[in-house]
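One structure below.
In this note's numbering, the protein residues as written are 3 to 221.
See below:
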(Lines of atoms letter the chains of each structure in order from A; the text may use other names.)
(Lines give C-alpha, C1' and ligand atoms only; values in the text may rest on other atoms or scores of the structure.)
Protein backbone atom coordinates (compact mmCIF):
# COMPACT_ATOMS: atom_id res chain seq x y z
CA UNK A 3 0.00 0.00 0.00
CA UNK A 4 2.99 2.29 0.35
CA UNK A 5 3.36 2.53 -3.42
CA UNK A 6 -0.37 3.24 -3.77
CA UNK A 7 -0.19 6.06 -1.22
CA UNK A 8 2.78 7.54 -3.06
CA UNK A 9 0.86 7.36 -6.35
CA UNK A 10 -2.17 9.07 -4.82
CA UNK A 11 -0.51 11.79 -2.77
CA UNK A 12 0.60 14.38 -5.36
CA UNK A 13 -2.62 14.57 -7.42
CA UNK A 14 -4.76 14.35 -4.27
CA UNK A 15 -2.91 17.32 -2.76
CA UNK A 16 -3.35 19.14 -6.06
CA UNK A 17 -7.12 18.73 -5.77
CA UNK A 18 -6.99 19.55 -2.08
CA UNK A 19 -5.52 23.02 -2.60
CA UNK A 20 -7.16 23.91 -5.93
CA UNK A 21 -8.51 27.42 -5.22
CA UNK A 22 -11.71 27.74 -7.27
CA UNK A 23 -13.62 24.75 -5.78
CA UNK A 24 -12.84 26.16 -2.33
CA UNK A 25 -13.98 29.61 -3.45
CA UNK A 26 -17.22 28.07 -4.72
CA UNK A 27 -17.82 26.55 -1.30
CA UNK A 28 -16.99 29.82 0.46
CA UNK A 29 -19.51 31.71 -1.68
CA UNK A 30 -22.13 29.15 -0.66
CA UNK A 31 -21.14 29.42 3.01
CA UNK A 32 -21.59 33.19 2.83
CA UNK A 33 -25.07 32.86 1.28
CA UNK A 34 -28.51 32.61 2.89
CA UNK A 35 -28.87 28.84 2.46
CA UNK A 36 -25.35 28.05 3.58
CA UNK A 37 -25.98 24.93 5.63
CA UNK A 38 -28.07 22.83 3.26
CA UNK A 39 -26.29 24.03 0.11
CA UNK A 40 -22.83 23.36 1.53
CA UNK A 41 -23.80 19.78 2.39
CA UNK A 42 -25.09 19.12 -1.13
CA UNK A 43 -22.03 20.82 -2.65
CA UNK A 44 -19.74 18.62 -0.55
CA UNK A 45 -21.55 15.45 -1.60
CA UNK A 46 -21.31 16.39 -5.28
CA UNK A 47 -17.61 17.17 -4.93
CA UNK A 48 -16.78 13.87 -3.24
CA UNK A 49 -18.83 11.78 -5.69
CA UNK A 50 -17.33 13.51 -8.73
CA UNK A 51 -13.73 13.09 -7.64
CA UNK A 52 -14.11 9.46 -6.62
CA UNK A 53 -16.00 8.63 -9.84
CA UNK A 54 -13.17 9.91 -12.06
CA UNK A 55 -10.55 8.28 -9.84
CA UNK A 56 -12.36 4.95 -10.13
CA UNK A 57 -12.69 5.27 -13.91
CA UNK A 58 -8.95 5.85 -14.23
CA UNK A 59 -8.18 2.98 -11.86
CA UNK A 60 -10.54 0.57 -13.63
CA UNK A 61 -9.36 1.39 -17.15
CA UNK A 62 -5.68 1.20 -16.26
CA UNK A 63 -5.92 -1.98 -14.18
CA UNK A 64 -7.93 -3.64 -16.98
CA UNK A 65 -5.40 -2.55 -19.59
CA UNK A 66 -2.48 -3.75 -17.49
CA UNK A 67 -4.13 -7.13 -16.93
CA UNK A 68 -4.78 -7.68 -20.65
CA UNK A 69 -1.63 -6.13 -22.08
CA UNK A 70 1.36 -8.24 -22.98
CA UNK A 71 3.79 -5.35 -22.49
CA UNK A 72 2.62 -3.73 -19.28
CA UNK A 73 5.69 -1.57 -18.64
CA UNK A 74 5.49 0.18 -22.02
CA UNK A 75 1.76 0.89 -21.63
CA UNK A 76 2.22 2.33 -18.13
CA UNK A 77 5.13 4.51 -19.24
CA UNK A 78 3.25 5.93 -22.23
CA UNK A 79 0.12 6.74 -20.21
CA UNK A 80 2.07 8.37 -17.37
CA UNK A 81 4.18 10.45 -19.77
CA UNK A 82 1.08 11.68 -21.63
CA UNK A 83 -0.75 12.59 -18.40
CA UNK A 84 2.34 14.29 -16.99
CA UNK A 85 2.85 16.30 -20.18
CA UNK A 86 -0.79 17.44 -20.14
CA UNK A 87 -0.44 18.59 -16.53
CA UNK A 88 2.69 20.57 -17.37
CA UNK A 89 0.92 22.22 -20.33
CA UNK A 90 -1.98 23.21 -18.07
CA UNK A 91 0.51 24.65 -15.60
CA UNK A 92 2.18 26.71 -18.33
CA UNK A 93 -1.21 27.96 -19.48
CA UNK A 94 -2.19 29.03 -15.95
CA UNK A 95 1.15 30.79 -15.49
CA UNK A 96 0.57 32.90 -18.60
CA UNK A 97 -2.87 33.87 -17.27
CA UNK A 98 -1.60 35.07 -13.88
CA UNK A 99 -2.36 38.70 -12.91
CA UNK A 100 0.56 41.04 -13.51
CA UNK A 101 1.76 43.50 -10.85
CA UNK A 102 -1.14 45.56 -9.57
CA UNK A 103 -3.73 43.74 -11.68
CA UNK A 104 -6.85 42.27 -10.14
CA UNK A 105 -7.53 38.65 -11.01
CA UNK A 106 -10.49 37.99 -13.30
CA UNK A 107 -13.35 36.05 -11.71
CA UNK A 108 -15.52 33.45 -13.49
CA UNK A 109 -19.13 34.43 -14.17
CA UNK A 110 -20.40 31.41 -12.23
CA UNK A 111 -19.25 33.08 -8.99
CA UNK A 112 -22.23 35.43 -9.25
CA UNK A 113 -24.70 32.53 -9.30
CA UNK A 114 -23.45 30.73 -6.19
CA UNK A 115 -25.27 32.96 -3.69
CA UNK A 116 -28.70 32.05 -5.11
CA UNK A 117 -28.11 28.44 -6.10
CA UNK A 118 -30.49 25.69 -4.91
CA UNK A 119 -29.33 22.54 -3.08
CA UNK A 120 -29.69 20.29 -6.13
CA UNK A 121 -27.90 22.85 -8.25
CA UNK A 122 -25.07 23.06 -5.72
CA UNK A 123 -24.57 19.29 -5.85
CA UNK A 124 -24.68 19.14 -9.66
CA UNK A 125 -22.33 22.10 -9.95
CA UNK A 126 -19.79 20.54 -7.58
CA UNK A 127 -20.00 17.26 -9.47
CA UNK A 128 -19.37 19.03 -12.79
CA UNK A 129 -16.54 21.05 -11.26
CA UNK A 130 -14.84 17.87 -10.05
CA UNK A 131 -15.68 15.37 -12.81
CA UNK A 132 -16.01 17.48 -15.98
CA UNK A 133 -13.71 20.46 -15.42
CA UNK A 134 -10.54 19.41 -17.33
CA UNK A 135 -8.05 20.55 -14.69
CA UNK A 136 -9.62 18.71 -11.78
CA UNK A 137 -10.62 15.71 -13.88
CA UNK A 138 -7.03 15.27 -15.05
CA UNK A 139 -5.76 15.20 -11.46
CA UNK A 140 -8.31 12.58 -10.35
CA UNK A 141 -7.69 10.56 -13.50
CA UNK A 142 -3.93 10.68 -12.92
CA UNK A 143 -4.35 9.39 -9.37
CA UNK A 144 -6.61 6.55 -10.52
CA UNK A 145 -4.37 5.58 -13.42
CA UNK A 146 -1.29 5.61 -11.18
CA UNK A 147 -2.97 3.23 -8.74
CA UNK A 148 -4.36 1.05 -11.55
CA UNK A 149 -0.84 0.62 -12.93
CA UNK A 150 0.20 -1.08 -9.67
CA UNK A 151 -2.09 -4.08 -10.34
CA UNK A 152 -3.33 -4.27 -6.73
CA UNK A 153 -5.92 -6.60 -5.24
CA UNK A 154 -9.57 -5.52 -5.05
CA UNK A 155 -9.33 -4.79 -1.33
CA UNK A 156 -6.22 -2.69 -1.79
CA UNK A 157 -7.84 -0.72 -4.61
CA UNK A 158 -10.85 -0.02 -2.40
CA UNK A 159 -8.58 1.20 0.38
CA UNK A 160 -6.68 3.39 -2.08
CA UNK A 161 -9.95 4.90 -3.30
CA UNK A 162 -11.00 5.77 0.25
CA UNK A 163 -7.60 7.30 1.05
CA UNK A 164 -7.77 9.37 -2.13
CA UNK A 165 -11.24 10.66 -1.24
CA UNK A 166 -10.23 11.54 2.32
CA UNK A 167 -7.16 13.52 1.21
CA UNK A 168 -8.43 15.12 -2.00
CA UNK A 169 -11.79 16.28 -0.62
CA UNK A 170 -10.80 17.46 2.85
CA UNK A 171 -10.54 21.12 1.79
CA UNK A 172 -14.28 20.95 1.08
CA UNK A 173 -15.72 18.70 3.78
CA UNK A 174 -13.65 20.15 6.66
CA UNK A 175 -14.79 23.78 6.09
CA UNK A 176 -18.36 22.52 5.68
CA UNK A 177 -18.23 20.68 9.00
CA UNK A 178 -16.55 23.67 10.66
CA UNK A 179 -19.29 25.99 9.39
CA UNK A 180 -22.03 23.65 10.59
CA UNK A 181 -20.47 23.86 14.05
CA UNK A 182 -19.39 27.52 14.18
CA UNK A 183 -21.82 29.22 11.79
CA UNK A 184 -21.43 32.88 10.82
CA UNK A 185 -18.51 33.37 13.21
CA UNK A 186 -16.32 32.15 10.35
CA UNK A 187 -17.59 34.73 7.84
CA UNK A 188 -14.69 37.19 8.11
CA UNK A 189 -12.08 34.46 7.78
CA UNK A 190 -13.95 32.91 4.85
CA UNK A 191 -14.19 36.21 3.00
CA UNK A 192 -10.49 36.96 3.45
CA UNK A 193 -9.61 33.47 2.23
CA UNK A 194 -11.89 33.89 -0.79
CA UNK A 195 -10.16 37.11 -1.88
CA UNK A 196 -6.67 35.65 -1.47
CA UNK A 197 -7.49 32.45 -3.37
CA UNK A 198 -9.03 34.33 -6.29
CA UNK A 199 -6.03 36.65 -6.62
CA UNK A 200 -3.47 33.84 -6.44
CA UNK A 201 -5.34 31.07 -8.25
CA UNK A 202 -3.27 31.09 -11.45
CA UNK A 203 0.10 30.99 -9.69
CA UNK A 204 -1.02 28.26 -7.28
CA UNK A 205 -2.33 26.06 -10.08
CA UNK A 206 0.71 26.69 -12.30
CA UNK A 207 3.12 25.54 -9.58
CA UNK A 208 0.89 22.58 -8.70
CA UNK A 209 0.54 21.33 -12.26
CA UNK A 210 4.25 21.72 -12.97
CA UNK A 211 5.25 19.82 -9.83
CA UNK A 212 2.65 17.07 -10.25
CA UNK A 213 3.35 16.73 -13.98
CA UNK A 214 7.07 16.25 -13.40
CA UNK A 215 6.32 13.83 -10.57
CA UNK A 216 4.04 11.73 -12.79
CA UNK A 217 6.55 11.65 -15.64
CA UNK A 218 9.33 10.60 -13.25
CA UNK A 219 7.29 7.52 -12.31
CA UNK A 220 7.47 6.35 -15.91
CA UNK A 221 11.22 5.80 -15.67
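The C-beta atom is built at its ideal place from N, Cα and C for all residues, glycine as well. Here the structure is a predicted model, which is why all the values come from computation and not from measurement.
A distance of 8 Å or more separates the beta carbons of residue 97 and residue 171. Judged by DSSP in its simplified three-state form, residue 18 adopts helix. In the three-state DSSP reduction, residue 204 falls in the helix class (H, G or I).
In the three-state reduction of the DSSP assignment, residue 107 falls in the coil class, being assigned neither a helical nor a strand state. Non-local beta-carbon contacts of residue 140 in its own chain, meaning distances under 6 Å to residues more than five positions away in sequence, involve 51, 54 and 55 in chain order. Sixteen is the threshold: since fewer than 16 other Cβ atoms of the shown chains lie within 10 Å of the Cβ of residue 68, the residue is exposed.
With fewer than 16 other CB atoms across the displayed protein chains lying within 10 angstroms of its CB, residue 181 is exposed.
For residue 78 and residue 49, the gap between their C-alpha atoms comes out near 28 Å. By the CB criterion at 8 Å, residue 66 and residue 75 fall inside the cutoff. Of the residues assessed, residue 161 falls on the buried side of the cut-off, its CB having 16 or more other CB atoms within 10 angstroms. Pairing residue 114 with residue 33 gives a Cβ-Cβ distance under 8 Å. The C-beta of residue 85 has fewer than 16 other C-beta atoms within 10 Å across all chains shown, which makes the residue exposed. Under the three-state reduction of DSSP, residue 221 is assigned to coil, being neither helix nor strand.
Judged by pairs of C-beta atoms under 8 Å, the segment 173-180 does not touch the segment 5-13, as fewer than three such pairs exist. Non-local beta-carbon contacts of residue 29 in its own chain, meaning distances under 8 Å to residues more than five positions away in sequence, involve 111, 114, 115 and 194 in chain order. In this structure, residue 46 and residue 126 form a Cβ contact; the two beta carbons are roughly 3 Å apart against a cut-off of 8 Å.
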